Amino acid sequence: MADVPVFVIGNFEIENAERYHDYEKGFFPVLKRHGGTFYTYDDKAHSLEGGTLNGRVVLLSFPSEEAALGWYNDPGYQDLINIRRESTKLNFLNIVHGLPPRG
6 MADVPVFVIG
16 NFEIENAERY
26 HDYEKGFFPV
36 LKRHGGTFYT
46 YDDKAHSLEG
56 GTLNGRVVLL
66 SFPSEEAALG
76 WYNDPGYQDL
86 INIRRESTKL
96 NFLNIVHGLP
106 PRG
């Protein structure tokens, strides 16, 4: 089966903005190394139904689940995760599979 794109959706509350900025500075080089794309973040996202979103929501994409897991497990990103954990309260970080290519 061909690789399908995946999206990573995260929701977290920033508790220490200065420390979180250290996370942001290192984030993009690691993301790009794994073919990731940063789409957006929103500090005022809201649910139309169901649970409440608190804080920031981010949306990323990767060409495959393998690429997304490579990003997450990258030693450089693992170092950044510690900064994120120190500076935020994570509500969720999920992988959502896209549709397979048509043809």
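Just so you know, we're using the working numbering here: the sequence shown kicks off at 6 and counts up by one. Quick reminder that beta carbons are idealized off the backbone N, C-alpha and C, glycines included. As the structure is a prediction and not an experimental result, all values here were calculated from the model.
Reference residue i; option with closest CA among the options
i	options	result
ILE14	TYR44, PHE33, GLY40	TYR44
GLU71	HIS102, ASN16, GLY56	HIS102
GLY40	ASP79, LEU95, PRO105, LEU98	ASP79
GLU20	GLU54, ASP48, GLN83, VAL9	ASP48
ASN96	ASP8, VAL9, GLU18	GLU18
Residue i vs residue j beta-carbon contact at 8 Å
i	j	result
LEU65	THR42	yes
SER92	TYR28	yes
VAL35	GLY81	yes
LEU104	VAL9	yes
Contact test: residue i Cβ vs the ligand NAP heavy atom, cutoff 7 Å
i	result
VAL63	As far as ligands go, the structure on display features none, and thus does not contain the ligand NAP.
Burial state of residue i (16 or more Cβ within 10 Å)
i	result
ARG89	buried
ASN16	buried
PHE32	buried
Nearest-angstrom beta carbon gap, residue j and residue i [assumed within contact, 8 Å]
i	j	result
TYR46	ARG61	6 Å
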